[in-house]
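*Asks:* My structure is below; once you've seen it, I'll send some questions.
Residue numbers (our numbering): 2 to 791.
Structure representation (structure tokens):
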């Protein structure tokens, strides 16, 4: 995807959202080649359906007026009837299950869109994009994306997550800002259906895209404690019909006489208008025709106010000014109580595989090498009675980033279901084992503890965060278990984030502030996805940087990103206004959201959520910042300067149950340790990050010596907490190593090729947030073996 002008098929329902998204497409220089609409099939001789379909997928009320849009806009309009119904009620759409159904069974209504768009493409072969009006509904968005991508159409959903985007400068946050922006654009959208307590027949034909209409709707809904998104009609509270718009789209307006608007009371609080006698009217010749897409369509600011402040601070801070000492928590975390004889159990919840091509593979062909990697992954899955759909996250390391499209094609063959694993992709150049061009690290829950798995895979271009076109999701969320018993916590694995401008999928243009913008923009992507997945705490984070011209440049990169990481965490006094939005899927299928204005809907997402820390740590906010470091690799996707990777996000954490402890093993040691303790009613999880600073100049001689140093450092760090180390040597689940610090990093094991016992990222250099050189970073996850005392 790039910023070139696209030829767009606009999927319209007649409602405000599909038309406003169409206006944004024009605003970004895309050309609308056709309108497309699906309408309810006529019942026998009756040409007007007397019952609204109440489909989650398609708006059908008001369909009588749709044919007038062709003449009103001058755009060709294509229509087909909706066939079938909603057979698949899952939030994420898996069209492969539909293909496997017997042809004699009732059709899935989503597939009607595929037939319609195929017909449009036959008439307009130049079409290469599809726009629709999804705002908060994953149910709708994933179905549109499924159809669009099967037809090689780029999905455009500029309204996606619009309610959480920045409001206009110097204006208060308003959950109906989208309606106000529609009014400013000249869109005339009328309410033609109400289905919510608070809205009644008196609101029908209200112009909701006006300041007066917005205020009336908000006032009515507020009396009944409306949910997030209600003011936009996202929960089905109301539906609309567009009858006019800016003159650069609407040549004529649509008029429906009062006597032609017949009220239909459907029951259960649902009332709608049957519209007859609609006609086209000339527009007022005295109207202001000077408006243009650029002047009337507001594009939300690229950065939230919070991250704009972070950028301003990063740009105004000299590297020498950000040179704080590491802050240390208590020498022993208070959540341990008096139980100091507890032992640690290793992380046996996940399988972690490091996969290279077989030694006999023709590694002069990257395709053949990746095919070998994929074949081995399939073999490992089969032998463990697991499926690729259960993989949570992967890290792909390439020798040459130019090989990415080729390996991506082979890698993608592993995943045929919705929500493939999240992924981090980097290039490490000649730091890889000699003769090998790709390594894949995978994490997958063991079948015995495998639990519910959720995913976020936004493939549409929007203003919110970069689209993920291809076999990787923005995030995967799984339950955390200890000793095969659920803890109540969930782990969220988020894809690596590079600084793409979401609506254009391009990098920020070169400038004097480009580095700061790339650091902060990609960090904002990480935060927005984390908030969407309800992450309350990161266990640790890394910023990858492409190879620098000098150590001094890399040091500046490290301190700038370290400062951004610190500022993003803020302090307990910060008032974060990010919100959880409700999908219409939740309103019917998720019991937590079936009651309007339930307590769960009112909960605001916080990242970090300061309530999860003990009071002592809240009083020392500097001690609550998870460990961070910067890693210099060879190259990043799209030739980006930086890529953010938060290792694990944690959600569903109870209040006052987290403590972060930092310490050095001894006053003279070159190792430092951070332990993130998370207590549940079932167990206490410990996420440990070890870092070996370069104060000692000697290199580590060989892989075995590195593992011995790690084992000794880990043992010393947990003993310093009063804990007995695991009975067997603990193994990190991920390590970063400065290659020049270790001789023979990839030892050969006979004919089997290089030995990679755990995921290892080879780096040109590694740096702390305050600009210190680091030789090695290693991460562990363990569980306290005894129930802790209060």
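Think of the CB as a built atom: it goes at the ideal place given N, C-alpha and C, for glycine as much as any other residue.
For clarity, every value in this text was computed on a predicted model and none was experimentally measured.
Looking at the strands, I want to know which residues DSSP matches up with residue 426.
*Replies:* Note: residue 426 sits in a beta bridge opposite 397.
*Asks:* Are the beta-carbon atoms belonging to residue 85 and residue 110 less than 8 Å from one another?
*Replies:* Yes, the pair counts as a contact, with Cβ atoms nearer than the cut-off.
*Asks:* For a minimum of 4 consecutive residues, which ranges assigned as the alpha helix (DSSP H) are wholly contained in the segment 227-308?
*Replies:* Counting only runs of 4 or more, we get 294-297.
*Asks:* In this structure, how does DSSP classify residue 710 when only helix, strand and coil are distinguished?
*Replies:* In the structure shown, residue 710 sits in a helix (DSSP, three-state: H, G or I).
*Asks:* Just mark residue 113 as buried or exposed, buried being the case when its beta carbon has 16 or more other beta carbons within 10 Å.
*Replies:* Under this definition residue 113 is a buried residue.
*Asks:* What are the boundary residues of the alpha helix (DSSP H) that includes residue 178?
*Replies:* Where residue 178 is concerned, the enclosing alpha helix (DSSP H) stretches over 178-186.
*Asks:* Going by alpha carbons, who is nearest to residue 236 out of 182, 136, 268?
*Replies:* Of the candidates 182, 136, 268, the one whose C-alpha sits nearest the C-alpha of residue 236 is 136.
*Asks:* In terms of residues, what are the limits of the alpha helix (DSSP H) holding residue 1?
*Replies:* Absent from the structure is residue 1, since the part of the chain shown begins at 2 and ends at 791.
*Asks:* To which residues of the same chain is residue 94 closer than 6 Å at the C-beta, ignoring the five residues directly before and after it?
*Replies:* These residues qualify, in order along the chain: 143, 144, 147.
*Asks:* Looking at C-alpha atoms only, which residue of 416, 494, 67, 175 is the closest neighbour of residue 97?
*Replies:* Per the Cα distances, 416.
*Asks:* Using the beta-carbon count (16 or more within 10 Å), is residue 383 buried or exposed?
*Replies:* Counting Cβ neighbours within 10 Å, residue 383 comes out exposed, since fewer than 16 surround it.
*Asks:* Can you find at least 3 beta carbon pairs, one from the segment 604-619 and one from the segment 488-499, that sit closer than 8 Å?
*Replies:* Too few Cβ pairs lie closer than 8 Å, so no.
*Asks:* Is the CB-CB distance between residue 778 and residue 629 below 8 Å?
*Replies:* Contact flag unset, no.
*Asks:* Would residue 1 be called buried (16 or more neighbouring beta carbons within 10 Å of its own) or exposed?
*Replies:* Outside the displayed span of the chain (2 to 791) sits residue 1, for which this structure offers no information.
*Asks:* Quick check: the Cα distance between residue 517 and residue 509, rounded to an integer number of angstroms?
*Replies:* The alpha-carbon atoms of residue 517 and residue 509 are separated by roughly 11 Å.
*Asks:* With a threshold of 8 Å on Cβ separation, who are the neighbours of residue 150 within its own chain once the five nearest residues in sequence on each side are excluded?
*Replies:* These residues qualify, in order along the chain: 156, 460, 470.
*Asks:* Quick check: residue 303 and residue 502, are their CB atoms within less than 8 Å of each other?
*Replies:* In this structure, residue 502 lies closer than 8 Å to residue 303 by Cβ.
*Asks:* My assumption, with CB atoms under 8 Å, is that residue 233 sits in contact with residue 164. Please give the rounded CB distance.
*Replies:* Sure, about 7 Å apart at Cβ, within 8 Å.
*Asks:* Could you tell me which of 573, 314, 487, 402 sits nearest to residue 640, measuring between CA atoms?
*Replies:* The shortest Cα separation from residue 640 among 573, 314, 487, 402 belongs to 402.
*Asks:* Could you tell me which whole alpha helix (DSSP H) segments of length 4 or greater appear in the segment 542-581?
*Replies:* With a minimum length of 4 residues, the continuous alpha helix (DSSP H) runs that stay inside the segment 542-581 are 552-570.
*Asks:* At the 8 Å Cβ level, is residue 456 part of the contact set with chain B, yes or no?
*Replies:* Given the protein chain composition of this structure (a single chain), no chain B is represented.
*Asks:* Can you round the beta-carbon distance between residue 205 and residue 193 to whole angstroms, since I take them to be within the 8 Å contact cut?
*Replies:* Yes, they are in contact, since the Cβ atoms of residue 205 and residue 193 sit about 7 Å apart, within 8 Å.
*Asks:* Run through the DSSP bridge pairs and tell me what residue 755 is partnered with.
*Replies:* Answer is 749.
*Asks:* Residue 29: which of 436, 754, 464 sits nearest, CA to CA?
*Replies:* Taking only the C-alpha atoms, the option nearest residue 29 is 464.
*Asks:* Less than 8 Å between the beta carbons of residue 346 and residue 62, yes or no?
*Replies:* Cβ distance not < 8 Å, so residue 346 and residue 62 don't count as in contact.
*Asks:* For residue 190, count neighbouring Cβ atoms within 10 angstroms of its own Cβ and tell me buried if that reaches 16, exposed if not.
*Replies:* Answer is buried; the Cβ neighbour count reaches 16.
*Asks:* Do you know whose CA, among 158, 6, 370, 83, lies nearest residue 20's CA?
*Replies:* The shortest Cα separation from residue 20 among 158, 6, 370, 83 belongs to 158.
*Asks:* With residue 679 and residue 608 assumed to form a contact (beta carbons below 8 Å), what rounded beta-carbon distance in angstroms separates them?
*Replies:* Wrong, their Cβ atoms sit about 15 Å apart, outside the cutoff.
*Asks:* If you reduce the DSSP assignment to three classes, tell me which class residue 136 lands in.
*Replies:* Residue 136: coil per DSSP, three-state reduction.
*Asks:* Considering only C-alpha positions, which residue in the set 556, 718, 543, 665 is nearest to residue 647?
*Replies:* Checking every option, the nearest Cα to that of residue 647 belongs to 543.
*Asks:* Taking one C-beta from the segment 479-487 and one from the segment 671-689 each time, how about it: are there three or more such pairs within less than 8 Å?
*Replies:* Yes, the segment 479-487 touches the segment 671-689.
*Asks:* Hey, out of 447, 434, 362, whose CA is closest to residue 390's CA?
*Replies:* Measuring from the Cα of residue 390, the nearest candidate turns out to be 447.
*Asks:* Rounded to the nearest angstrom, what separates residue 453 and residue 81 at their Cα positions?
*Replies:* The straight-line gap from Cα to Cα measures roughly 38 Å.
*Asks:* How would you write the range of the alpha helix (DSSP H) that residue 123 sits in, first residue to last?
*Replies:* Looking at the DSSP string, the run of the alpha helix (DSSP H) that includes residue 123 is 111-124.
*Asks:* Can you tell me which of the three DSSP states residue 506 falls into?
*Replies:* Coil, per DSSP.
*Asks:* Determine which residues share a DSSP beta bridge with residue 455 and list them.
*Replies:* 478, per the DSSP bridge assignment.
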